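Undergrad:
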Amino acid sequence: MTARATTDSSTDDGALAAAYTRGDEQAAAELVHRHAAAVGRFLYSAGADAGDVDDLLQETFFRAFRRLDQWGRQASFRSWLFGISSNLLRDEFRRRKGRRMFSLEDRDIPDRSDPHADLAAVETEERLRAGLGRLPRLQREVFLLRVNEGSDYGQIAAALGTTPGAARVHYHHAVKKLKELVR
Amino acid sequence: MSVCTQLSDRMPGVALGRSPWTSEEQRHLAACADCRAEWALILAVARLGAGSHALGDPSVTAAGVLRRLRTEGARRRSRRPAWVAAGLATAAAAVLVVWTGHDTAGGTHAAAPAATRIAMPAASSTPPDFPLPELDSLPADALDSVLRVLDEPLARAGAWELPDLDDPCDQVLEQTVAHKEG
């Protein structure tokens, strides 16, 4: 597996990024539309409070567009965004002086037909989020990029500044620790 | 690579709907409790990612990002002329210090009219070449004396005192020029 993403969508991202540097704001808006959901999912799953996700998302894109010249294309644009949001989360975690960012009490119970199943699902979700919160940062982020985005280890390594081999090891450590939470 | 490892590698892709389980994989999954637990975990986390938290409208996010970028761009542009102005002001202040330094340091020429003073280049690397053939005939003592007089204002303040425009020297100069031009 290689770190370089060669799909059509990443080529298009490059063209959009270039268009934005020439002053085309619509190109930037298109990039936000393409990647906001994935980056938001990542931020939320990685531990951002639900109420902070939108702010962190905006900050991620703001930083990305401000330093587009630093996107070396070794990673896809989305992987690069994950890297920026990962750094943001780390900064936020430090700003809160190590206090966990996970907040479980403000979750809404989804409105489904079977309230018992709903409750069980919510409990599982809470256990999972708590379990994710206890993982070392790199393990958590590797795991989430793999499971939520289906990224390969090369893409994950490029986004998080590690090696594909190390990413694979982090992933399996995370799986091993989290498996018990859903048995 | 064991079947469990192969399945583990495939799980995220299957959970995201990118490809289905093969019948062989399904059989293994039914028989292996460890793989089933991992599959349950992957499905739960995938649901968590796509879960009940509704993300904001990307149009709102995009608008907010672009607004911030525009604001920052405008701030940068307005900051740049301020730096230029500050640089020019500093340079002007430096020239002023050199200009007035002569008066404050020496005080001997303070009374001279401002219009009769010219600034000397403060940091010229090569001295100007003034051909003065008349000086060649002067004896060494006289030449030293002339050089001292010429060097003194340069060393002290970098400004020359010039005589008033209606000074008799000018008349002499004009006469000399007129004579040379015939």
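Top to bottom, those sequences are chains A and B.
Under the working numbering, think of the first position of the first sequence as 1, with each following residue one higher.
Under the working numbering, think of the first position of the second sequence as 1, with each following residue one higher.
Note that beta-carbon positions come from the ideal geometry of N, C-alpha and C, so glycine has one too.
Just so it is clear, the structure is predicted and the values come from calculations on it, not from any experiment.
#1: Which chain B residues sit within Cβ distance under 8 Å of THR124 (chain A)?
#2: Using 8 Å for Cβ pairs, my map puts GLY131 (chain A) next to GLY83 (chain A). What's the rounded Cβ distance?
#3: Strictly below 8 Å CB to CB, what residues from chain B border ALA157 (chain A)?
#4: Residues of chain A with CB closer than 9 Å to the CB of THR22 (chain B), please, in chain order.
#5: Out of A:VAL39, A:LEU16, A:GLY72 and A:TRP71, point me to the one whose CA is closest to THR61 (chain B)'s CA.
#6: Does the count of Cβ pairs from the segment 161-174 of chain A and the segment 132-147 of chain A closer than 8 Å reach three?
#7: If we count Cβ pairs, one from each stretch, closer than 8 Å, do we get three or more for the segment 6-25 of chain B versus the segment 66-74 of chain B?
#8: Identify the continuous alpha helix (DSSP H) that holds SER151 (chain A) and give its terminal residues.
#9: Would a check of beta-carbon distances place HIS33 (chain A) closer than 8 Å to chain B?
#10: Please name the residue in B:LEU66, B:SER8 and B:ALA92 whose C-alpha comes closest to that of HIS33 (chain A).
#11: Could you give the first and the last residue of the continuous alpha helix (DSSP H) run that contains PRO20 (chain B)?
#12: For my contact list, LEU43 (chain B) and ALA15 (chain B) are in at a C-beta cut-off of 8 Å; report their separation, rounded to the angstrom.
#13: Going by CA-CA distance only, name the one from A:ASP91, A:SER85 and A:LEU178 that's closest to ALA159 (chain A).
#14: Check THR176 (chain B) in the structure and name its three-state DSSP category.
#15: Cα separation between ARG168 (chain A) and THR90 (chain B)?
#16: Apart from the five residues on each side of it in sequence, which residues of its chain come closer than 8 Å, Cβ to Cβ, to LEU68 (chain A)?
#17: Within the same chain, show all residues whose beta-carbon is closer than 7 Å to that of THR60 (chain A), passing over the 5 residues directly before and after it, in chain order.
#18: Tell me where the alpha helix (DSSP H) around GLY165 (chain A) begins and ends.
#19: Cα separation between ASP12 (chain A) and GLU38 (chain B)?
#20: Going by CA-CA distance only, name the one from B:ALA63, B:VAL177, B:VAL95 and B:ASP144 that's closest to ALA27 (chain A).
#21: Among the residues of its own chain, which have a CB less than 8 Å from the CB of LEU29 (chain B), if the five just before and after it don't count?
#22: Which word fits GLU180 (chain A), buried or exposed, when buried means at least 16 other C-beta atoms lie within 10 angstroms of its C-beta?
#23: Check the Cβ of GLU25 (chain A) against every Cβ in chain B and list those closer than 7 Å, keeping chain order.
#24: Give the single residue among A:TYR44, A:ASP52 and A:SER151 whose Cα lies nearest to the Cα of LEU128 (chain A).
#25: I need the straight-line Cα distance from SER79 (chain A) to ALA93 (chain B), nearest angstrom please.
#26: Within 8 Å (strictly less), CB to CB, does LEU16 (chain A) reach chain B?
#27: Once the 5 residues before and after SER19 (chain B) are set aside, which same chain residues still bring their CB inside 8 Å of it?
#28: Rank B:VAL177, B:ARG27, B:ALA46 and B:VAL3 by C-alpha distance to the C-alpha of ALA121 (chain A) and give the top, closest one.
#29: Just checking my contact of GLY165 (chain A) with ARG73 (chain A) at CB under 8 Å: how many whole Å lie between their CB atoms?
#30: In angstroms with no decimal places, state the Cα-to-Cα distance between HIS170 (chain A) and ARG94 (chain A).
TA: Well, looking at it:
#1: ALA44
#2: Contact flag wrong, Cβ pair sits at about 24 Å.
#3: None at all; the shortest Cβ gap to chain B is about 16 Å.
#4: In chain order: nothing, as chain A lies at least about 18 Å away.
#5: A:VAL39
#6: yes
#7: no
#8: No alpha helix (DSSP H) contains SER151 (chain A), which DSSP labels as neither H nor E.
#9: yes
#10: B:LEU66
#11: Here PRO20 (chain B) belongs to no alpha helix (DSSP H), and DSSP marks it neither H nor E.
#12: 6 Å
#13: A:SER85
#14: helix
#15: 58 Å
#16: ALA17, TYR20 and THR21
#17: VAL39, LEU81, ILE84, SER85 and LEU88
#18: 164-179
#19: 35 Å
#20: B:ALA63
#21: LEU7, TRP21, CYS35, ARG36 and TRP39
#22: exposed
#23: LEU66
#24: A:TYR44
#25: 52 Å
#26: no
#27: ARG10 and GLY13
#28: B:ALA46
#29: The pair is not a contact, with the Cβ atoms about 22 Å apart (cut-off 8 Å).
#30: 22 Å
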